[in-house]
Structure formats: structure tokens, C-alpha cells
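Here's the structure we're looking at; comments come further down.
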Amino acid sequence: MSSKTILRILFGSALVLLLAACSSGGSGASPTLSGQTVNLNALDTFRYDPNTITAKVGQPIHLVLVNQGNLEHSFVIDALNVKLEHVQGKATGDTSFTPTAAGTYVFYCDTPGHKDAGMTGTLVVNP
Ligand SMILES: [Cu+2]
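Below, the structure written as C-alpha cells:
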């Protein structure tokens, strides 16, 4: 093995270690909360069931949208950049997100006309 090769190997593993250190280092402060899975039914009557979700700041939410109808539905929270679109009739889609600030957030279906027809709900994030 030439010394050049050894150097290359050393440099390579240093880089890997650096990357590992970067990706495992979180931003710190927030306590680790166990996540919750929320099953939300989307209905062709332009309703979600349930239409209220309760969570805590820093608690990961795994949202499962179960489309019980035949129309395409979606789940969008603009303020949290959550967008789960094009869930076809009788299909299921899912997304995960973690609210970082307490508050009340509106979620809605962005299939044209559905929000106006009342397809909205509320996510309550407690401190
Ligand atoms: Cu919809």
C-alpha cells in the first residue's frame, strides 16, 4: 500500500466521521417526545373524521389519511409546510411532521372546491 493510498483512506474515514457527527447532532433544547400516529378519515361529504387533532410542541406526528370516499383528497397545513396531496379514492397516504410552536393550525383539503365546501379541520398544539 502506498502512502498516498493510506492518506486517502484516512481522509475518507475522517470525512465519514464528520458527516456522522453532523447528522446526529440535533438542535438540542427540545425534549424528546414519543410520537403519535393519527388516523384521519377523509370523506366525500367534505369532512375529516375526526376534524380535530391534539398534539404537543416537539411531538412528532405520523399522519395517516385514510380516504374512505371515491374522490381525491389531501391534507395541507400551510403554516407548517405540510402537504399530503393526491390521495386517491379508497387509498391511504401518510406524512410525518413535528410542530415546533404551540398554537391552533387549520388543515384543509386542497382538491379544488373541497376547502370551500367545508373540508377543513383544526390541529391544536399544546405547549
Ligand atoms: Cu377533499
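Heads up: the sequence shown begins at 1348 in this note's numbering, then just goes up one per residue. We put the beta carbon where it would ideally sit given N, CA and C, even for glycine.
Close Cβ partners of residue i (< 8 angstroms) along its chain, the five nearest in sequence each way excluded
| i | result |
| --- | --- |
| residue 1441 | 1409, 1410, 1411, 1412 and 1431 |
| residue 1423 | 1429, 1430, 1431, 1432, 1454, 1455, 1456 and 1457 |
| residue 1451 | 1469, 1470, 1471 and 1472 |
| residue 1439 | 1411, 1412, 1413 and 1414 |
| residue 1448 | 1404 and 1472 |
| residue 1435 | 1414 and 1419 |
Contact check, residue i vs residue j, beta carbons under 8 angstroms
| i | j | result |
| --- | --- | --- |
| residue 1468 | residue 1392 | no |
| residue 1465 | residue 1394 | yes |
Residue i Cβ short of 7 angstroms to ligand 1 heavy atom set
| i | result |
| --- | --- |
| residue 1433 | no |
| residue 1444 | no |
| residue 1439 | no |
| residue 1492 | Because residue 1492 is not part of the residues shown, which for the chain are 1348 to 1474, the question remains open. |
| residue 1467 | no |
| residue 1389 | yes |
| residue 1421 | yes |
| residue 1410 | no |
| residue 1380 | no |
Sequence-distant residues of its chain with Cβ nearer than 7 angstroms to residue i (five each side left out)
| i | result |
| --- | --- |
| residue 1407 | 1382, 1443 and 1445 |
| residue 1384 | 1409 and 1411 |
| residue 1462 | 1455 and 1456 |
Buried or exposed by the 16-neighbour rule on C-beta atoms within 10 Å, applied to residue i
| i | result |
| --- | --- |
| residue 1371 | With a pLDDT of 43 at residue 1371, under the threshold of 50, the predicted position of this residue should be treated as unreliable, and no value is reported. |
| residue 1402 | buried |
| residue 1426 | exposed |
| residue 1380 | exposed |
Contacts around residue i, its chain only, beta-carbon distance under 6 angstroms, and the 5 residues preceding and following it disregarded
| i | result |
| --- | --- |
| residue 1397 | none |
**Request:** Kindly provide the ranges of any beta strand (DSSP E) runs that are 3 or more residues long and lie completely inside the stretch 1407-1467, ordered along the chain.
**Result:** 1408-1414, 1420-1424, 1429-1434, 1439-1444 and 1450-1455
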